[in-house]
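For the record, the sequence lines run as chains A and B. According to numbering that gives the first Met the number 0, the first sequence is numbered sequentially starting from 0. According to numbering that gives the first Met the number 0, the second sequence is numbered sequentially starting from 0. Beta carbons: idealized from backbone N, C-alpha and C, even for Gly. Report on the following structure.
2 protein chains.
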Amino acid sequence: MMQRFAINTATLGFQCSIEESIEAIAAHGFGGIAPWRREIEGQNVSTIAKRIRDAGLKVTGYCRSTYLPSLTREGLQANIEGNRRALDDAAVLGADSFVIVVGGLPKGSKDIVTARAHAVEGTAQLLEHGKKLGVKIALEPLHPVYTAERSCLTLLSEALDMCRQIEGAVAVPSLGVCLDVYHIWWDPNLKRDIARAGLEKRIFGFHVCDWLVPTADVLNDRGMMGDGVIDIPSIRAEVEKAGYRGLIEVEIFSERNWWKQPVAEILKVCGERLATSV
Amino acid sequence: MMQRFAINTATLGFQCSIEESIEAIAAHGFGGIAPWRREIEGQNVSTIAKRIRDAGLKVTGYCRSTYLPSLTREGLQANIEGNRRALDDAAVLGADSFVIVVGGLPKGSKDIVTARAHAVEGTAQLLEHGKKLGVKIALEPLHPVYTAERSCLTLLSEALDMCRQIEGAVAVPSLGVCLDVYHIWWDPNLKRDIARAGLEKRIFGFHVCDWLVPTADVLNDRGMMGDGVIDIPSIRAEVEKAGYRGLIEVEIFSERNWWKQPVAEILKVCGERLATSV
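So this is what it looks like as structure tokens:
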């Protein structure tokens with residue numbers, strides 16, 4: 000039954016090599032892995048890809064884009080180029096999608112309108128490249144607390160509007176969204192927008208973790224499923240009702256707690272909570 | 000020119016008595032004050048009200064409601080009652096509006112649907128009481144980072160929908176919204192929704208401060224106008240284009256910085272920044 004679930008390697012706190020992560024995740028019976036560029040770049044990507052396949056794992060998403068907005072046109076173009084190379088790697092890995100976190104305000108800027116325009120322009124160029132490679136692009140709207148530093152794209156409705164703006168209404172989209180309960184659980188329009196994402200066939204990924212109360216650090220104090228206040232089973236039900244049949248991925252940034260645990264313990268608890276609290 | 004601006008006493012870190020705050024705020028030429036219940040309750044409210052009037056200050060908003068959602072009906076009713084008494088005080092103070100922060104999930108609950116229903120029910124009852132007293136109610140949507148613990152009401156559009164749901168479309172609303180740049184600056188629909196709030200005559204208050212990068216603590220590390228990334232003049236222009244002519248109120252929660260400064264220094268810098276960065 001764990002075959003339905005994937006582990007994002009960030010959950011393991013980058014304590015071990017990608018080879019060890021692949022082995023441990025497969026050994027615990029999970030069906031997929033989502034690696035990060037820091038584990039892949041500068042290595043033989045084909046060899047890692049083969050290792051993942053041989054372990055029987057799918058690659059859900061490849062994490063993640065360099066932030067797009069820049070103070071200059073040249074900076075924007077450099078950011079796009081960096082992501083182009085990452086997309087090449089995503090293709091070699093056989094990733095179901097390349098995850099784009101668009102980026103926030105460039106340092107020194109208060110101009111969110113231009114930041115958003117850069118996000119659109121960069122994503123449009125990367126979509127063209129992804130289509131050639133056969134790699135889908137998943138936009139991940141982040142929680143609004145990250146607007147300044149990580150993502151000026153926050154609402155699910157906004158991400159869907161952006162998909163429509165860039166790709167138009169198509170039967171089989173190559174541009175979609177990655178839904179992470181941490182980022183979207185608070186949204187009063189969540190049910191409506193998940194249904195819309197399903198109708199538009201744009202749900203490319205679904206991530207779970209939990210929102211702790213209190214949260215000591217909004218970046219790296221995310222909770223294990225069941226330890227926080229998100230009604231994850233409700234959101235999962237909406238996502239599945241919307242037609243999503245892909246893997247459900249665990250992504251937990253937890254400097255204070257889980258990253259201090261051994262990898263095997265983290266994976267064991269993930270398995271338990273996926274069975275009871277998701 | 001400072002007459003156009005008001006100081007929320009939280010900005011001063013509750014370092015001094017309400018009487019001293021009134022005197023200092025008036026002495027610096029500001030036109031209004033927004034006191035908190037902790038400064039008022041258990042005291043002679045009429046005496047404080049007279050003192051504020053005598054100092055030539057208006058009372059913009061009275062801060063703020065007890066959180067409404069509860070695990071039980073009895074708890075909800077008790078929360079409403081507490082706010083009813085605060086509304087009585089708001090009337091004595093001559094406050095332009097009573098500020099409602101609706102509250103988040105009751106401890107132990109993951110049921111955001113019921114929390115939202117409690118917010119609506121409580122606000123509806125308080126609106127009736129406010130109308131009798133001649134005190135307007137200002138719903139303050141908070142930044143989504145506060146959903147769990149402080150406000151399941153987050154989007155401006157959601158707050159306007161709630162006003163409409165409770166009061167209907169009326170020519171002179173008694174239920175409106177309080178806009179705080181800290182809570183709404185990131186919203187991709189901000190321009191649209193401010194215009195709507197204006198058309199519906201529901202802008203009852205406008206608060207300024209800034210979003211610092213990095214933010215050490217999302218509750219009490221807010222910035223002085225100009226020190227963060229919010230394009231405050233743009234938002235102010237939208238709010239004024241939407242017809243708002245009320246006072247602009249400074250509300251800064253700053254445990255690490257401003258609350259450690261003398262009251263006179265805080266007020267001096269507020270005055271400078273209101274002239275240059277708002």
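What are the start and end residues of the alpha helix (DSSP H) that includes residue i?
i	result
ASP192/B	189 to 198
GLU18/B	17 to 26
GLU250/B	Segment: none, GLU250/B is in no alpha helix (DSSP H) and carries neither H nor E.
VAL44/A	44 to 53
LEU155/A	155 to 166
GLY270/B	262 to 275
Inspect the beta-carbon positions of residue i and residue j and report whether they are closer than 9 Å.
i	j	result
GLU148/B	VAL207/B	no
LEU67/B	ILE51/B	no
GLY28/A	ALA5/A	no
TRP185/A	ILE111/B	yes
ILE39/A	GLU18/A	no
CYS177/B	SER96/B	yes
LEU152/A	ALA118/A	yes
LEU174/A	VAL134/A	no
GLU139/A	ARG37/A	no
GLY242/A	ILE202/A	yes
HIS142/A	PRO172/B	no
GLY93/B	ASN7/B	no
TRP210/A	VAL238/A	no
GLY225/A	SER276/A	yes
By the 10 Å Cβ neighbour count, where 16 or more other Cβ atoms means buried, how is residue i classified, buried or exposed?
i	result
ALA33/B	buried
GLY361/A	Lying before the first or after the last residue shown, residue 361/A is absent from chain A, which here runs from 0 to 277.
LEU104/A	buried
ALA137/A	buried
ASN43/B	exposed
GLU264/B	exposed
LEU11/B	buried
LYS259/A	exposed
PRO187/A	buried
GLU157/B	buried
SER16/B	exposed
Need the endpoints of the beta strand (DSSP E) that residue i sits in, please.
i	result
ALA5/B	4 to 7
LEU177/B	In the sequence as presented, Leu is not what sits at residue 177/B; that position holds Cys. Segment 174 to 179, the beta strand (DSSP E) holding CYS177/B.
GLY33/A	Before going on, a small fix: residue 33/A reads as Ala here, not Gly. Run containing ALA33/A: 31 to 33, per the beta strand (DSSP E) assignment.
ILE229/B	Careful: ILE229/B lies outside any beta strand (DSSP E) and carries neither H nor E.
Compare the C-beta of residue i with all C-beta atoms of chain A and state if any pair is closer than 9 Å.
i	result
ILE229/B	yes
PRO213/B	yes
CYS269/B	no
HIS206/B	no
HIS27/B	no
GLU199/B	no
ALA147/B	yes
GLU157/B	yes
CYS151/B	yes
Based on the DSSP output, what are the partners of residue i in its beta bridges?
i	result
TYR145/B	Bridge partners of TYR145/B: none, in fact.
CYS62/A	TRP35/A
SER96/B	GLY60/B and LYS135/B
GLY222/B	ASP209/B
VAL202/A	Note that residue 202/A is Ile in the sequence shown here, rather than Val. The partner list for ILE202/A (beta bridge, DSSP) reads VAL176/A.
SER150/B	GLY102/B
If we define contact as Cβ-Cβ less than 9 Å, is residue i a contact residue for chain B?
i	result
VAL238/A	no
LEU154/A	yes
HIS117/A	no
CYS177/A	no
LYS135/A	no
PRO143/A	yes
THR275/A	no
ASP186/A	yes
TRP69/A	Position check: residue 69/A holds Ser in this sequence, whereas Trp was assumed. Output row for SER69/A: interface = no.
LEU104/A	yes
VAL262/A	no
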